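Chemist: Have a look at this one before I ask anything.
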Amino acid sequence: MASYGISPFTEQNIPQLVGIKTHIENYFFDAFLKVDHTSKLTITSHPVEQGANITDHAYLEPQSITMEIGMSDACVSYVSGQFQQKYTRSVSAYDTLLKLQAERQPLTVHTRLKTYKNMLIENITAPDDYTTLFGLRVTVTLTEIITAKTQTVTIENKTSTEPQKTGTTKKGTVQPIPKKNVSKPVQAKVEEKVVNRSTLRVLYGK
C-alpha cells in the first residue's frame, strides 16, 4: 500500500498509467476537467443553373481537441519529478505547456475516447485571479497536422537512337509577311531616274 503523499507510480508501472490516464506527451496533469473532441468533414458545394447545389468531393479536416486542465499546488505529481522546475507546481505546469507549444514538435495526446498523434498546441488560455492563487486552470487547444512525403526522381537526358522517328512539332498556319511600303524619299528618287532616262531617250535615242 502506497504511503500518503507519495506517487504510487514508478518507472516500472508508468506504462500502466499511460494506458488509463489522459496525458499530453506523457505529461500527467492533475485533472482534465473537460475534453472536447472535434472531427469535421467538409463537403463541397457548387451552384448550378437550376436546382440545388451539387457536391463532387468531401474531405476530412484536421482533427482538433480542446482540453480544460486543472492543477493544484497542494497535490503530488503522478510521475516523480514532473512539474518541479518552478517555485510552484501550477507555474511549472503552465511553463511546460508553453515550452511544448514553442518547440512546435508533433505531440501524442491520449484520452479516454481516442489517442491522437501529430498534434500541435495551437492555443493556450489561462485566466489568473483569486480563485487560481494556489493552482492553475488552463484551456489548451491542439490541432492535428497533416504532412506529405516528397520523393526526388532523377530523369536521364538521353539522345534518341532513331532520330528519323522523332516527332515534329506542328507550327500551325504560317502567315505571309507583307511587303513594306517604300518610303516617300525612295519613291522620289525612282521617279527622278525615270524622268532622266526618258529625256536621254528623246535626245540621243537611248
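Numbering-wise (the working numbering), the sequence shown opens with residue 221 and increments by one. C-beta atoms are modelled at their ideal positions from N, C-alpha and C, and glycine is treated no differently. Being a predicted model, the structure only gives us computed values, none of them experimental.
(1) Check the C-beta distance from residue 250 over to residue 292 and give it rounded, since I have them as a contact under 8 Å.
(2) On a Cα-Cα basis, can you pick out the residue from 356, 336 and 307 that is closest to residue 363?
(3) Could you tell me if residue 265 is buried or exposed, where buried requires 16 or more neighbouring beta carbons within 10 angstroms of its beta carbon?
(4) Could you say if the region 273-288 and the region 329-344 meet the contact criterion of at least three C-beta pairs nearer than 8 Å?
(5) Specify, as a first and last residue, the run of the beta strand (DSSP E) that residue 278 falls within.
(6) Does the separation of the CB atoms of residue 245 and residue 327 fall below 8 Å?
(7) Please report the Cβ distance between residue 320 and residue 341, rounded to the nearest whole angstrom; I am assuming they are in contact, meaning their Cβ atoms lie under 8 Å.
(8) In three-state terms, what does DSSP make of residue 348?
(9) Near residue 304, which residues of its chain fall below 6 Å by C-beta distance, leaving aside the five closest residues on each side in sequence?
(10) Ordered along the chain, which non-local residues of its own chain (more than five positions away) have a Cβ less than 7 Å from that of residue 274?
(11) For residue 242 and residue 332, I'd like the C-alpha separation in whole angstroms.
(12) Would you please state the rounded distance, in angstroms, between the beta carbons of residue 289 and residue 318? I believe it to be under 8 Å.
(13) Do you know how far the Cα of residue 294 is from the Cα of residue 253?
(14) Can you check which of these residues, 358, 277 and 279, is closest to residue 316 by C-alpha distance?
Modeler: Taking the coordinates as given:
(1) 6 Å
(2) Among 356, 336 and 307, the Cα nearest to that of residue 363 belongs to 336.
(3) exposed
(4) yes
(5) 278-280
(6) yes
(7) 6 Å
(8) coil
(9) Here the set comprises nothing.
(10) 266 and 268
(11) 7 Å
(12) Their Cβ separation, rounded to whole angstroms, is 13 Å, which puts residue 289 and residue 318 out of contact at 8 Å.
(13) 17 Å
(14) 358
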